[in-house]
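One structure is given below, encoded as structure tokens.
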Amino acid sequence: AAGVIQSPRHLIKEKRETATLKCYPIPRHDTVYWYQQGPGQDPQFLISFYEKMQSDKGSIPDRFSAQQFSDYHSELNMSSLELGDSALYFCASSLRTVDQETQYFGPGTRLLVL
Amino acid sequence: GQQLNQSPQSMFIQEGEDVSMNCTSSSIFNTWLWYKQDPGEGPVLLIALYKAGELTSNGRLTAQFGITRKDSFLNISASIPSDVGIYFCAGQPGAGSYQLTFGKGTKLSVIP
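Residue numbers (my numbering), protein chains in the order written: chain X, 41 to 154; chain Z, 5 to 116.
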């Protein structure tokens, strides 16, 4: 079965640079979630989109922005990168339902800021 | 914000033993999910629970959604070496809020 695709898988950036992470949801899924996971930590919710509109917003820094496109893929744009942004970034997708929504995670993008 | 208390933090068990881990919350969740994560990889869904009291199995895994909607447990029977990894519980509030809140994880080590 098709899974969530994320690119790139690994990314190295310098401080103050920008980065763009991409997520391609499971076919027919209409909702995308972004999570950040620091070393030894649990994933923390950043932001989500349903039908190309922002749905929920979590602890996403103002330096980050995201959007969902007409083909349902999503991009997380990160500017003025800081050392503390080094983490695993996961995208999850789901088919939005009232009471049985399940999120499926991609393999993640490992971002290292030097 | 909502917090999930997951225990134990880590476990060392012999191959063939059964394992039990649980999550509790001060808030109600409409959905409980259990994921397994290998180092550097994305969380893989093990079991999804949607109704209070629901007991669901997936092979050697069994999970239950607590009656109060504030807790869930995961049992693994007859553990094998490939069960090694970090297990996370995650709660979804529902009622228009779909973001997941994760527990801190249970790191499982299996001794052959």
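Each residue gets a CB set at the ideal place from its N, CA and C atoms; glycine is no exception.
Give the straight-line distance between the Cα atoms of residue i and residue j, rounded to the nearest whole angstrom.
i      : j      : result
Z:T105 : X:Q84  : 7 Å
X:Q76  : X:T58  : 16 Å
X:L51  : X:R103 : 18 Å
Z:K55  : X:K55  : 46 Å
X:K92  : X:S134 : 13 Å
Z:T60  : Z:I32  : 19 Å
Z:E21  : Z:S81  : 7 Å
X:T137 : X:R150 : 30 Å
Z:S30  : Z:S14  : 22 Å
X:A132 : X:M118 : 18 Å
X:E141 : Z:K74  : 18 Å
Z:R64  : Z:V88  : 14 Å
X:P101 : X:L116 : 12 Å
X:Y165 : X:A41  : Here chain X has residues from 41 to 154 only, and residue 165 of chain X is not among them.
Under the DSSP definition of a beta bridge, which residues are partnered with residue i?
i      : result
X:F130 : X:Y75
X:E115 : X:K62, X:Q107
X:H50  : X:R150
Z:I115 : Z:Q18
Z:D75  : Z:T28
Z:G57  : In the DSSP output, where bridge partners are listed per residue, Z:G57 has none listed.
X:F89  : X:V72, X:Q94
Z:N62  : Z:L65
Z:I80  : Z:V23, Z:L65
Z:N34  : Z:N34 pairs with nothing; no bridge assigned.
Z:K108 : Looking at the DSSP assignment, Z:K108 forms no beta bridge with any residue, so it has no partner.
Z:Y102 : None; Z:Y102 has no bridge partner.
My guess is that residue i and residue j are in contact by the Cβ rule of under 8 Å, so how many angstroms apart are they, rounded?
i      : j      : result
Z:I84  : Z:V114 : 7 Å
Z:G109 : Z:N34  : About 22 Å separates the two Cβ atoms, so there is no contact after all.
Z:W36  : Z:L50  : Going by Cβ atoms, the distance from Z:W36 to Z:L50 rounds to 11 Å, so no, they are not a contact pair.
Z:G46  : X:G148 : 5 Å
Z:Y102 : X:D96  : 6 Å
Z:P12  : Z:M25  : 7 Å
Leaving out five residues on either side along the sequence, give the residues of the same chain with a beta carbon under 7 Å from the beta carbon of residue i.
i      : result
X:I45  : Y64, G146
X:A127 : Q76, Q77, G78, L151
Z:N62  : L50, I51
X:Y90  : D70, T71, R136
What residues of chain C sit near residue i, judged by a beta carbon separation below 7 Å?
i      : result
Z:G109 : Among the protein chains in the structure shown, which are X and Z, there is no chain C.
Leaving out five residues before and five after residue i in sequence, what residues of the same chain have Cβ atoms less than 6 Å from its Cβ?
i      : result
X:L123 : V153
X:S88  : Y73, S95, D96
X:K53  : A59, L121, V153
Z:T66  : N79
X:Y112 : P65
Output needed for residue i: all residues of its chain with C-beta closer than 8 Å, excluding positions within five of it in sequence on either side, in chain order.
i      : result
Z:I3   : Here chain Z has residues from 5 to 116 only, and residue 3 of chain Z is not among them.
Z:G139 : With chain Z represented from 5 up to 116, any question about residue 139 of chain Z goes unanswered, as that position is not in the structure.
X:R49  : P147, G148, T149, R150
Please name the residues in the segment 124 to 149 of chain X whose beta-carbon is closer than 9 Å to at least one beta-carbon of chain Z, in chain order. L128, F130, C131, A132, S134, R136, V138, D139, Q140, E141, T142, Q143, Y144, F145, G146, P147, G148
Along the segment 42 to 60 of chain Z, where does the CB come closer than 9 Å to a CB of chain X? Name the residues. G44, E45, G46, P47, V48, L49, A52, Y54, K55
Contacting positions in the segment 103 to 121 of chain X - beta carbon closer than 9 Å to chain Z: none
Output, in sequence order along the chain, the residues in the segment 17 to 33 of chain Z whose CB is closer than 8 Å to any CB in chain X. none
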